[in-house]
Structure formats: structure tokens, C-alpha cells
Amino acid sequence: MRYRIAPHLAFMIQWLRVLGFDVKTWEKKELLDPLHDALIQWEPYPLPLPRKGRGLTVITLSGATLPQLLKEFLEQSGQQPDPEKMFGRCLRCNTPLIPLPPDTVKALWPELPEYVYRTQKRFNRCPTCGKFFWEGTHVRNMRRTLSDWGVLPKETGVE
């Protein structure tokens, strides 16, 4: 399912991408396909739905905080984060990431910090914007934050 989100909920986009969902801001001129797209809106500011949007899945959120909104999205969409898909999309442009071996990353990005090259074994790259990703402490911190918010189950062994 492709999710298109109301512009005033754009602050949720990166977190939904971290969770592995295909999501981007909906632009009114974009035609939505009822079979493949779902629209996410916020109850206080509902979107004017396109005429051709009949049969479109609309998820209406009412939470006031980011953690509430994320939990509400998971509840209403019936989706749960797939650990295999988490951190699998470019946070910048939403494209699925491609895994690369460290030597290839070093060849493509000579400025790769030496510490990162020595300590990381798995890298991903966005084929659209070229951005590189790896599982540094920021990934652990995001997982912990999502667990603290109740979006992910509490992880054992995470400080």
C-alpha cells in the first residue's frame, strides 16, 4: 500500500519511512488509485477528497502528539512494522534502499569516515538521491524512541 499524507502531517513522514512504509506528501493534483493508495488526514483539518477518489481508503487521525498519531496510524491501517522493512527506505526521497558491501561504499564515497568503514558491515544506498545509510547509534536511538512511545514492542537489552 502506498500512503499519501496531508501536508500538515508531513512531520510524520520520516518516522513512517523508518517503520518501512511507502509514504509521501499528497499533492492535490496527484491522482490516487483506490487499489494501491491510501490517504492519511488529520481530523481537525480534513482534506477535500478528489471526485475520482471514490473507494479510496482514508485514514483519519485525531491524536495530538507524534506518538499518538503513529500508534493511531498502525491501528487504523491494520499494518504493523515489519522488522525486515524497517530502515529500508530513503528518509529523504522514499525510494527503497539497495544494500552494498563496505568496499563498494568506500569506492563510491572516498570521504566515508574511517571509523564508520571499520565498524559497520552493512550499508545501504538510495539509487535515486545517492545518500548512504548504515546502522549507527542513531538507528538504536530511533528504535528506543519508538519503543518508549509504544509504537514498537519494548526491546530487550536496549539501554
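If you count the sequence shown from 1, you need to add 771 to reach this note's numbering.
Beta carbons are placed, not taken as given, at the ideal position from N, Cα and C, and that holds for glycine.
C-alpha gap between residue i and residue j, whole angstroms
i	j	result
residue 866	residue 894	15 Å
residue 911	residue 922	14 Å
residue 879	residue 873	10 Å
residue 928	residue 915	At residue 928, the pLDDT of 44 sits below 50, so the modelled position is not reliable; the number obtained from the coordinates is stated separately. So the two alpha carbons sit approximately 11 Å from each other.
residue 827	residue 863	26 Å
residue 850	residue 886	37 Å
residue 819	residue 889	51 Å
First and last residue of the uninterrupted beta strand (DSSP E) at residue i
i	result
residue 873	Run containing residue 873: none in the beta strand (DSSP E); it sits in the alpha helix (DSSP H), 873-879.
residue 865	Where residue 865 is concerned, there is no enclosing beta strand (DSSP E), given that its DSSP letter is neither H nor E.
Limits of the alpha helix (DSSP H) - the one that residue i falls within
i	result
residue 887	885-890
residue 912	908-919
residue 844	837-848
Residue i versus the options, residue with shortest Cα-Cα distance
i	options	result
residue 782	838, 905, 828, 849	838
residue 908	891, 918, 897	891
DSSP bridge partner residues for residue i (one or two, in chain order)
i	result
residue 781	For residue 781, which the question treats as bridged, DSSP gives no partner whatsoever.
residue 858	For residue 858, which the question treats as bridged, DSSP gives no partner whatsoever.
* To do: Count the CB pairs spanning the stretch 775-794 and the stretch 851-870 that are closer than 8 Å, and state whether there are at least three.
  => yes
* Asked: Between the stretch 773-780 and the stretch 802-812, do at least 3 Cβ pairs fall closer than 8 Å?
  -> yes
* Asked: Do the stretch 811-819 and the stretch 827-839 make contact, defined as three or more Cβ pairs closer than 8 Å?
  -> yes
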